[in-house]
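Worksheet: one structure, shown below.
Protein chains in written order, with the numbering used here: chain Z, 1 to 133; chain L, 1001 to 1414.
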C-alpha cells in the first residue's frame, strides 16, 4: 500500500488523540461535506492571552478527514489564535505528509475549514479564502 | 431466444471492443471498471462513428442544401430511428433529443408540469429516486404548490406497493419513478406500477437511466407516457439524452427551450412552434453525439439485450455470493432475483471513500458516496456506500479483483 494510508493516518484514525468535547469551551464550530457525509465539530479553549490551550473534535468520515482533524488540533494547541487564522492548506498537507487528488483534498481540509470558521467567529467568507486553490 | 443469444456471448471478444479496458491505471494494475452505473465505457465502434462523422461529414443539420448538411441530417435523424426501434416507440417523432436523463425529466416538469398542474395537485414519487427525479418536482412544488407523495422503500429495498395503492386514492396527476435503482439495484415492477397509475387517472414518467442500458425496454408494452434515459450509460457519448413521450401528449405540450430549429415561423412578436420532435430541440444539437448514440444502439443490438441482461444477472449473483464471504460487508438492496447489476455496500465502519481509494490502488474502480440519492441513504441511516456496478464487459474475474481489494481493506482497517 502506498503513502496514502501511511501508518500515521491509519493510527490517528483508529486511535485519535484529540477526539471528544470540551465543556465549557470558548470557541466551537461544525460543518460537513455533503458530498461524502463527512462531519467535523471542533471545540477550543483559549486563555486570556488568546492562546489555544485545549482542542477537541468530534465527527465522522473517512480516515483522511478524521486523521487530519486529529493532527490539525495537535498542531494548534499552544498557538495564538491570530496564528491559527493563518493556517493554510499546506500546513494540513505537511501534517498528513501525503499528496492528495482534488476529491480527497476536500476530505483533508474539512477540519481546517471548520477550525478557521471557528476562530474567525463564523466569518466564513474570510475563512474560506485561503482554502481556495 | 435469450438462451440462444447467451450461447454466443463471447466475453473476451466483448472486452476487446472496449479500448480503455486495456489500460493500466497504476503500474502493473490493469483497469477493472466497476462504475458503469455512473457512466459506461465506450466500444471502438462508437468512438469511430463520432470520429468519422467529424472527419468526413460535420455540418449543421436540417436547412442546409449542400452535401455535408444533407449527410449530417440523415445521420442525425437515422440515429433517432434507431433509438425509436430500440425501445419500440410507435414513431421517431416520439424521440426527443436532450442532454441527459436529468434534462429529459426537467423538460416534462417545465413543459407538461407548468401547463397541467395547479396548487394542491399530487405527484407520486418514490423514496429511492435519484436527485434528478426529485429536485425538478420540488421546484414545481415551490413554484406551483403541488404536493409530493412518496412510495416507501421496504427494508429489503423494494417499493411498498400496498402503500402505493393507498397513495393513489389521492388522485395524483403524475407518478414518476425509476425503473431500476442506481443504488439498490432494484428492478421495479414498472408495468404494474404504470397500470395502477393509469387506473387512478395519472400519467407516468419512468426514469430509465439504469434500465435501458441493461435490459430490453419496450415503452409500448409498458404503456409508459414518458420515458427518460441517457446515452452515456449505454455505451454512447455524454451530452446526449432521450425523452420518449407519447405523441399525443408531446403535441399538447408547450415548447421547453426557445430558439432556432424549434420553430416553424417567427415574427418579431410571436412564433409558431415546429412539429415533433423538433418542437423540443432548440438550437444546434449534439450531432456527433447522436451519431455516437446510434452506433451504441447498433452495438448493443448486435450483442442482444437479452444476452446482456442474462450476463449481468449471472455476474450479480456471483458478486453477491462473493461479497457474502466477507463478514464485514453489508450489501443493500433486494436479493438477486429483483436486482440488476449494482451492489452498494458498506464495510463495517470503514468510510466508503477509504474503501474506494484502497481498491483503486489495485486498479479497481468503484464509486463511493450517496450516488445522488441522499434521501435513500438517510432512510437506511448511512452517510454513504461503496458501489460496484456491472456491464456487459465485466467478468467474474473483475468481481474477484474487487474481493481481493476488500481483503486489503480488512488488512488496513480490520
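Note that CB positions come from ideal geometry on N, CA and C, so glycine has one too. Computed from a predicted model, the values in this text were never measured in an experiment.
Alpha carbon of residue i to alpha carbon of residue j, nearest angstrom
i	j	result
residue 1042 of chain L	residue 1233 of chain L	9 Å
residue 1158 of chain L	residue 1186 of chain L	7 Å
residue 1331 of chain L	residue 1363 of chain L	22 Å
residue 127 of chain Z	residue 85 of chain Z	Because the pLDDT at residue 127 of chain Z is just 43, under 50, the model does not fix this residue reliably, and the value given afterwards should be weighed accordingly. Looking at the two C-alpha atoms, the distance is approximately 8 Å.
residue 1306 of chain L	residue 18 of chain Z	56 Å
residue 211 of chain Z	residue 63 of chain Z	Chain Z is shown only over 1 to 133; residue 211 of chain Z falls outside these bounds and no answer can be derived.
residue 59 of chain Z	residue 97 of chain Z	22 Å
residue 1177 of chain L	residue 80 of chain Z	55 Å
residue 1289 of chain L	residue 1210 of chain L	19 Å
residue 1358 of chain L	residue 1278 of chain L	48 Å
residue 1145 of chain L	residue 1239 of chain L	32 Å
residue 45 of chain Z	residue 71 of chain Z	17 Å
residue 1195 of chain L	residue 1345 of chain L	33 Å
residue 1076 of chain L	residue 1193 of chain L	34 Å
residue 114 of chain Z	residue 1383 of chain L	19 Å
residue 10 of chain Z	residue 1354 of chain L	11 Å
residue 117 of chain Z	residue 1377 of chain L	28 Å
residue 22 of chain Z	residue 1413 of chain L	28 Å
residue 1247 of chain L	residue 1037 of chain L	30 Å
residue 1061 of chain L	residue 1258 of chain L	17 Å
residue 111 of chain Z	residue 41 of chain Z	8 Å
residue 1401 of chain L	residue 53 of chain Z	48 Å
residue 1216 of chain L	residue 1224 of chain L	14 Å
Where residue i falls: helix, strand or coil (DSSP)
i	result
residue 1000 of chain L	Only positions 1001 to 1414 of chain L appear in this structure, which leaves residue 1000 of chain L out of reach.
residue 1295 of chain L	helix
residue 38 of chain Z	strand
residue 1183 of chain L	coil
residue 1386 of chain L	strand
residue 1063 of chain L	coil
residue 1212 of chain L	coil
residue 86 of chain Z	coil
residue 1408 of chain L	helix
residue 1413 of chain L	helix
residue 9 of chain Z	helix
residue 1090 of chain L	coil
residue 1245 of chain L	strand
residue 1106 of chain L	helix
residue 1366 of chain L	coil
residue 1403 of chain L	helix
residue 1226 of chain L	strand
residue 1116 of chain L	helix
residue 1205 of chain L	strand
residue 1392 of chain L	coil
residue 1096 of chain L	strand
residue 1017 of chain L	coil
residue 1276 of chain L	coil
residue 98 of chain Z	coil
residue 1176 of chain L	strand
residue 58 of chain Z	strand
residue 1101 of chain L	helix
residue 981 of chain L	Nothing can be reported for residue 981 of chain L, as the shown portion of chain L is limited to 1001 through 1414.
Terminal residues of the alpha helix (DSSP H) in which residue i lies
i	result
residue 32 of chain Z	Not the alpha helix (DSSP H): residue 32 of chain Z falls in the beta strand (DSSP E), residues 27-33.
residue 112 of chain Z	102-119
residue 68 of chain Z	63-76
residue 1140 of chain L	1135-1144
residue 1323 of chain L	1305-1324
Span of the beta strand (DSSP E), counted from its first residue to its last, around residue i
i	result
residue 1125 of chain L	1122-1126
residue 1026 of chain L	1024-1026
residue 1010 of chain L	That residue, residue 1010 of chain L, is in no beta strand (DSSP E); it is neither H nor E in DSSP.
residue 1346 of chain L	1342-1347
Pair within 8 Å by beta-carbon distance, residue i and residue j
i	j	result
residue 1343 of chain L	residue 1310 of chain L	no
residue 1190 of chain L	residue 1175 of chain L	no
residue 1090 of chain L	residue 1220 of chain L	yes
residue 57 of chain Z	residue 67 of chain Z	no
residue 1044 of chain L	residue 1010 of chain L	no
residue 1365 of chain L	residue 1121 of chain L	no
residue 1241 of chain L	residue 1229 of chain L	yes
residue 1110 of chain L	residue 1256 of chain L	yes
residue 1148 of chain L	residue 1117 of chain L	no
residue 1026 of chain L	residue 1367 of chain L	no
residue 1115 of chain L	residue 1297 of chain L	no
Point to revise | Contact residues within the stretch 36-67 of chain Z, judged by C-beta distance below 9 Å to chain L | key: 36, 37, 38, 39, 60, 61, 62, 63, 64, 65 and 66
Review point. Using a beta-carbon distance cut-off of less than 8 Å, what residues from the stretch 1302-1330 of chain L approach chain Z?
Key: Against chain Z - using a Cβ distance shorter than 8 Å - the stretch 1302-1330 of chain L contributes no residues.
**Study point:** chain Z contacts from the stretch 1357-1370 of chain L (Cβ-Cβ distance under 9 Å)
**Key:** 1357, 1358, 1361, 1368, 1369 and 1370
Check your understanding: Can you list, in chain order, the residues of the stretch 1374-1402 of chain L whose Cβ is nearer than 9 Å to any Cβ on chain Z?
Key -> Here the close residues are 1374, 1377, 1382, 1383 and 1384.
Check your understanding: Of all the residues that make up the stretch 3-37 of chain Z, which are near chain L by a beta-carbon distance shorter than 7 Å?
Key -> 4, 5, 10, 35, 36 and 37
Exercise for review: Pull out every residue of the stretch 1329-1353 of chain L whose Cβ sits closer than 7 Å to any Cβ of chain Z, in chain order.
Suggested key: 1351 and 1353
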